[in-house]
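If you read the sequence shown in our numbering, its first letter stands for residue 1341, the second for the next number, and so on.
Glycine is no exception: its CB is placed at the ideal position from the N, C-alpha and C atoms.
Please read these numbers as outputs of a predicted model, since none were measured by experiment.
So the structure is just underneath, and the comments pick up after that.
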Amino acid sequence: MSTGFQGKFHRQNMLSYFAKDLVRRSRSRCELCDKGGVKLEVYELLPLEEAPYVDGCIFICESCLKQIAHPKKMVPSYWRCLNNSLWSEVPAVQVMSVRMLRRLAKVEQHWAEELLENAYLEPDLEEWSLLID
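Right, here's the structure in full:
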């Protein structure tokens, strides 16, 4: 087994320990689109820390995960849900919401631009949101 594979497997195993906390925090709903009754995945926000931590993760559905992973296949109307998730009490959800709104604003989704204009992140979260995108 290669070291890279072992490292990735070890990291995934560590992330699985967060599932119970994330289920409780999210009430078993996608933390971005609020979809319930669907399979949820732990998504770790970039940049990755040396060791994963629960506050650097969000619990999201497959639809959100696929569109985050493949921006060219993003369906802009799907992301109107960010109007709610942007105001989440969970910092990682706020950061991911802002990142997605920025992507949408780049493809001339004016509603996303308006949301970004009204958004406020604490300075440390704003910095985190700008690190990767």
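- Query: What residue ranges within the region 1401-1440 form continuous alpha helix (DSSP H) runs of no fewer than 4 residues, ordered along the chain?
  - Reply: 1402-1409 and 1422-1425
- On a CA-only basis, which of L1385, R1367, L1386 and P1387 is nearest K1379? Give me that one, please. R1367
- Message: Between G1396 and E1381, how many whole angstroms is the CB-CB distance? I'm expecting something under 8 Å.
- Response: Actually they do not touch by this definition, with Cβ atoms about 15 Å apart.
- Query: Where does V1438 land, buried or exposed, given buried means 16+ other C-beta within 10 angstroms?
  - Reply: buried
- Could you spell out where the beta strand (DSSP E) holding V1378 opens and where it closes? Note, V1378: premise wrong, no beta strand (DSSP E); not H, not E.
- Message: Give me, in chain order, the residues of the same chain whose beta-carbon lies closer than 8 Å to that of L1455; leave out the 5 immediate sequence neighbours on both sides.
- Response: L1422, N1423, L1426 and L1441
- Message: F1399 and L1362 - do their beta-carbons sit closer together than 7 Å?
- Response: yes
- Item | Contact under 7 Å by Cβ, P1416 with Q1449 | yes
- If we ignore side chains and look at the alpha-carbon of each, how far apart do A1445 and W1451 end up? 8 Å
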